[in-house]
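Quick note: the sequence shown uses the UniProt record's numbering, first residue 1, plus one each step. For glycine and all other residues, C-beta sits at the position ideal for the given N, C-alpha and C.
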Amino acid sequence: MRRHVVFAVATTLAVALGAVHAQATEAPPPTPVRAAHQPPPAPAAPAAVRPFAPARSGGPMSWPEPGGYDFDRPQVVATGLAVPWGLDFLPDGSALVAQRDLGTVLRIRPGRPPRQVARIPGVVAGGEAGLLGLAVSPTFRRDRLVYVCFTTASDVRVIRFRLGRPSSTQVILSGLNRATAHDGGRIAFGPDGMLYVGTGDALMPGLAQDLNSRNGKILRIRPDGAVPPDNPFPGSAVYSWGHRNVQGLAWDHAGRLFASELGAGRWDEVNRIVPGGNYGWPVVEGFSTDPRFRNPVLVWTPAEASPSGAAFAAGTLYVAALRGQRLWTVPVDDAGQVGVPVAELVQTYGRLRTVELAPDGSLWVATSNTDGRVTPGPDDDRILRFPPGGRTPQPPVLPLR
Ligand SMILES: [Ca+2]
């Protein structure tokens, strides 16, 4: 019963915040919303949210404190980037970042200018398409492999290449439908060593409910592209289905996968992914009582979220919001239940595309103000580094071109 109450507050709050910001779009930027310091809003959750309240016995819930980072004091580690999208780290702590429209990969080291280390052949950008996700091999020290997901003229695909060997490209996954929007594109290695790929419906919503299509899915493949024998649908890369446009993948400390996806206009979602789960799109968006579909653990309105990248650190799920222009922080307890989300960086750096946890415990956030949706500022796009809490912040680094 306690669980019911906590969840109702969380969803009500998300809904209430959305209403506030929808009305405030022409107003000056609001101050950051720190929901944990506010009383729960009075309005009841809308009917669409009510059905999801899993009965659960047990004692009082204790939520880890969200945050752990000083969001007022970032290090700017790169400026002047062109639509940074996928971002991952090399063992030395430097980052590789994919530039969507240019099809290039940059290496970013705090205090040094970004350096181009690869140009991906065959990238055809346009709209939301282009060079999207990037993941460094978990065994990079041994194989030096980097994985990227992108749109060509005819499909969405994943290739891998050896860093410093541009001619070494190898196709891992190909043939997914591409479109000018809804291309998914986030890729990440799970704690099981498998590569997960968030895909979109490519503007063909029905594909999400078609198990013979890899669009509108989360895919799970081996690092060489083969289908693992323990996938939920034998012989298929499909891990979960019924998705609209998955751009965020993150695992908690217990190995549970959380995925963010952009809604069509009513509800953006964070889902806790189980193998074989059907998450409803396009039959339902947000919550439903249809037993065929799994409900999200959290919804936001597109105005307050439009979520892209996601990351986990110290009991908190971080979600980068594009249209919402904020970093959502979501406490997740040991049982995998989500608490009340707290918004950070609200309209501070503009649209946020990507958030990733660095090997040194810092949180890196990439903006997305050059993606054609807003007028970029003089330093856009930027990559920001937030040191872990409790540590002395490093001296600020001069913005680099
Ligand atoms: Ca859904």
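Who are the near neighbours of residue i in its chain, counting only those whose CB is closer than 6 Å to its CB and skipping five residues on each side?
| i | result |
| --- | --- |
| Ala254 | none |
| Val156 | Leu176, Arg178 and Asp183 |
| Val338 | Val297, Leu298, Val330 and Val332 |
| Trp241 | Lys217 and Asn278 |
| Pro205 | Pro282 |
| Arg244 | Asp201, Glu261 and Trp281 |
| Cys149 | Leu132, Gly133, Val158, Gly185 and Ile187 |
| Leu207 | Asp201, Ser213, Asn215 and Gly216 |
| Gln116 | Thr104 and Leu106 |
Going by the beta-carbon positions, is the gap between residue i and residue j smaller than 8 Å?
| i | j | result |
| --- | --- | --- |
| Ala181 | Leu203 | yes |
| Thr354 | Leu87 | yes |
| Ala250 | Leu317 | yes |
| Arg144 | Leu163 | yes |
| Ala118 | Thr104 | yes |
| residue 433 | Ile159 | Outside the shown range of the chain, which is 1 to 401, sits residue 433, and nothing can be said about it. |
| Gly68 | Ala314 | yes |
| Val146 | Ser137 | yes |
| Arg351 | Leu322 | yes |
| Arg100 | Gly127 | no |
| Val227 | Val270 | no |
By how many angstroms is the C-alpha of residue j removed from the C-alpha of residue i?
| i | j | result |
| --- | --- | --- |
| Phe89 | Phe233 | 32 Å |
| Phe293 | Asn215 | 17 Å |
| Leu106 | Ala82 | 11 Å |
| Leu345 | Ser306 | 15 Å |
| Arg266 | Arg112 | 42 Å |
| Ile187 | Gly372 | 23 Å |
| Ala343 | Glu261 | 17 Å |
| Gly276 | Pro84 | 31 Å |
| Ala264 | Gly286 | 10 Å |
| Gly225 | Asn212 | 17 Å |
| Pro229 | Arg222 | 10 Å |
| Pro114 | Gln247 | 24 Å |
| Val340 | Ala153 | 42 Å |
| Ala135 | Phe189 | 7 Å |
| Val365 | Val97 | 11 Å |
| Pro191 | Tyr349 | 31 Å |
| Ala311 | Thr367 | 15 Å |
| Glu356 | Ile108 | 14 Å |
| Gly198 | Gln209 | 15 Å |
| Pro166 | Gly235 | 31 Å |
| Val374 | Gly309 | 19 Å |
Within the same chain, show all residues whose beta-carbon is closer than 7 Å to that of residue i, passing over the 5 residues directly before and after it, in chain order.
| i | result |
| --- | --- |
| Gly336 | Asp252, Ala254, Arg256 and Arg272 |
| Ser362 | Arg385, Phe386, Pro387 and Pro388 |
| Pro376 | Asn369 and Thr370 |
| Pro110 | Gln75, Val77, Arg385 and Val397 |
Using C-beta distances below 8 Å, list every residue in its chain close to residue i, excluding the 5 sequence neighbours before and after it, in chain order.
| i | result |
| --- | --- |
| Asp70 | Phe386, Pro387, Gly389 and Pro393 |
| Pro91 | Phe140, Arg141 and Pro359 |
| Val171 | Arg157, Val158, Ile159 and Gly225 |
| Asp290 | Gly280, Val283 and Val284 |
| Asn231 | Arg220, Ala237, Val238, Tyr239 and Pro275 |
| Asp268 | Ser260, Glu261, Leu262, Val299, Trp300, Thr301, Pro302, Ala305, Ser306 and Pro307 |
**Study point:** Inside the region 156-197 only - beta strand (DSSP E) runs reaching at least 3 residues
**Key:** Entirely contained in the region 156-197, the beta strand (DSSP E) runs reaching 3 residues are, in chain order, 156-162, 165-176 and 187-189.
**Study point:** Any 3 or more C-beta pairs closer than 8 Å across the region 75-82 and the region 368-387
**Key:** yes
Exercise for review: Jot down the residue ranges of each uninterrupted beta strand (DSSP E) in the region 276-341, minimum 3 residues, whole runs only, in chain order.
Suggested key: 298-300, 307-313, 316-321 and 326-331
**Study point:** Segments of 3+ residues assigned as beta strand (DSSP E) that fall wholly inside the region 229-276
**Key:** Along the region 229-276, the beta strand (DSSP E) occurs as fully enclosed runs of 3 or more residues at 238-241, 246-251, 257-261 and 268-273, listed in sequence order.
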